[in-house]
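Position 58 (the sequence shown) corresponds to 58 in the working numbering; numbering is contiguous.
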Amino acid sequence: MKDLTLQFLGAAGTVTGSKHLLSIGESELLVDCGLFQGPKQWRVKNWEPFPLPLKHLDAIALTHAHLDHSGFLPRLIKEGFRGPVYCSRPTADLLGILLPDSGHLQEEDAAFANKRGFSKHAPALPLYTVEDAQDALKYLWPVGHEEPVKLKNGFELQFRANRHILGSKCALVTAAGVRVLFTGDLGRGRFTADDPPPPAADYVVMESTYGNRKHPPDDVRPKLAKIVHETVERGGSIVIPAFAVERTQKLLFRLRGMMDEGMIPQVPIHIDSPMAIEAVKIFMRYSEEFTGETKELVKRHGSPLGWPEVYFDKTVEQSKAAGASRQPSIIISASGMAVGGRVLHHLAQRLPDHHNTILFAGFQAPGTRGRLLVEGAETIRIHGEEIPVRAHIAQLEHFSDHADYEEMLAWLEKFSAAAEGVFLVHGEGEAASAMEERIEKKFGWPVQVPGYGEKVVLH
Ligand SMILES: [Zn+2]
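What follows is the structure in structure tokens.
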């Protein structure tokens, strides 16, 4: 009998680049195919050839559409992998906008490096192009919820419930009689419908992003209402940097609900992101995944694309008009940590005016403009110009898409039997070791925090 092994090729010691390889003999399944993002020591790994011969890789399973779980796929296909890539239907739809956008950013990065002469080997090439990303989409193989997929060498794959973003799933893989559950990113259940407990598994490969943190337990709405009221009374506008997929839609539904209840004034909302518009269309296709609250809002008002006083700014001209308007409004635009995108134009315009508020709706990573602003920077550099910060800066951490440690422990508690082992991935060192201690203390299960490239024998 051949060994069943599991190797950690990403999201080990860091929160990006998720890639977990299950092997029996010469048969391999890769769960997630994420891009390394953030610190350079990790990003350079995107450029290294895949550490194993691709000829043994039979299939890939993607837990969800976020690029740190899916964004390496175009590169792997460029290197010669030919699928299939299993994922849920909404994930395939979301990848249809996210991967080409990632290709576009890769092309922009290369062009920027060439312009500045950064590249050692001129000309700098993109990791992959829009065209490569479009090509990768052909290898996606959407499968239904809990639909069993039989792979080579007795591997069986099934996508199970998860509450992270639209279409996100846990991947349950059975091989040689051993059940391995990959959590993907665990969510909080605020947007999707209530789900059943996790399936029984012998091993759990679990994310640990918030292994040492807890989300604010209170209702976000009174705080958000206060910010909107105060800004509108000053005659200012609120700029919310937000990721175009999921976060923007969540904010939009939240604000609509608050307007309905009279908690905030009826001011125009601008969604300034072409990608967010496409994402709304995809969300509306899968409305069965919404919470009761969101379903109710859709029943009352229809698709957000038709809501009065909500403007989806597709063109640059529309975006500029929203920026120039002096009427109090709420502008939601990407990127969420203000590292790029159209939100930079809004920040450059609104930051120097003390009437306005810049509201960050989530965690801001070190080194980003978002982090500098919430830490009280007096000026900020945008498009080569030093912009004075006079606007009010606010941050609400209630909108996270990740379960905190208490929610993760509650999820593990629903397991019907003890796990033979838990592998903690997708967490910075401190978060993963805090979570390791908590699981060992509460359940007495063996826990490991694998290092990059580490390989373990499961059976
Ligand atoms: Zn994610």
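Every residue, glycine too, gets a C-beta built ideally from N, C-alpha and C.
Model, not experiment: these values are computed from the prediction.
Contact under 8 Å by Cβ, residue i with residue j
| i | j | result |
| --- | --- | --- |
| Ala225 | Met263 | yes |
| Tyr128 | Pro74 | yes |
| Ser273 | Lys169 | no |
| Leu140 | Leu95 | yes |
| Asn114 | Pro123 | yes |
| Phe443 | Tyr203 | no |
| Arg515 | Gly336 | For the chain, the structure presents residues 1 to 459; residue 515 sits outside this window and is missing. |
| Arg438 | Leu396 | no |
| Gly167 | Thr91 | yes |
| Asp68 | Thr16 | yes |
| Glu309 | Ile269 | yes |
| Ile330 | His346 | no |
| Val31 | Phe182 | yes |
| Leu35 | Leu29 | no |
| Leu4 | His459 | yes |
| Leu33 | Leu62 | Residue 33 is actually Cys in this sequence, not Leu. In this structure, Leu62 lies closer than 8 Å to Cys33 by Cβ. |
| Ser27 | Lys152 | yes |
Helix, strand or coil at residue i [DSSP, three-state]
| i | result |
| --- | --- |
| Ile331 | strand |
| Ser23 | strand |
| Trp307 | coil |
| Glu420 | coil |
| Phe191 | Note that Phe191 scores a pLDDT of 38, beneath 50, so its modelled location is shaky; the value from the coordinates is reported in the next line. In the structure shown, Phe191 sits in coil (DSSP, three-state: anything other than H, G, I, E or B). |
| Lys455 | strand |
| Gln41 | helix |
| Glu375 | coil |
| Gln349 | helix |
| Gln395 | strand |
| Leu30 | strand |
| Phe363 | coil |
| Ile380 | strand |
| Leu344 | helix |
| Leu76 | helix |
Near ligand 1: residue i beta-carbon under 7 Å from a heavy atom
| i | result |
| --- | --- |
| Asp185 | yes |
| Ile240 | no |
| Ile282 | no |
| His164 | yes |
| His66 | yes |
| His69 | yes |
Beta strand (DSSP E) segment containing residue i, residue limits
| i | result |
| --- | --- |
| Ala410 | It is not in any beta strand (DSSP E) - Ala410 instead sits in the alpha helix (DSSP H) that spans 405 to 413. |
| Asp58 | 57 to 61 |
| Leu4 | 4 to 10 |
| Val389 | Careful: Val389 lies outside any beta strand (DSSP E) and carries neither H nor E. |
| Val204 | 203 to 207 |
| Ile338 | In the sequence as displayed, the identity of residue 338 is Ala instead of Ile. Looking at the DSSP string, Ala338 is not in any beta strand (DSSP E), and its letter there is neither H nor E. |
| Val173 | 170 to 175 |
| Phe182 | 178 to 182 |
Cβ-heavy atom distance, residue i to ligand 2, below 7 Å
| i | result |
| --- | --- |
| His215 | Of the ligands this structure carries, namely ligand 1, none is ligand 2. |
Alpha helix (DSSP H) segment containing residue i, residue limits
| i | result |
| --- | --- |
| Thr294 | 292 to 301 |
| Leu67 | 67 to 70 |
| Glu156 | Where Glu156 is concerned, there is no enclosing alpha helix (DSSP H), although the beta strand (DSSP E) it sits in stretches over 156 to 160. |
| Glu437 | 429 to 443 |
| Val316 | 316 to 324 |
(request) Write down every uninterrupted run of the alpha helix (DSSP H) in the region 79 to 150 whose length is 4 residues or greater and which is fully enclosed by it, in chain order. (result) 89 to 116, 130 to 137
(request) Please list the segments of the beta strand (DSSP E) lying wholly inside the region 214 to 286, counting only runs of 3 or more residues, in order along the chain. (result) 238 to 241, 269 to 272
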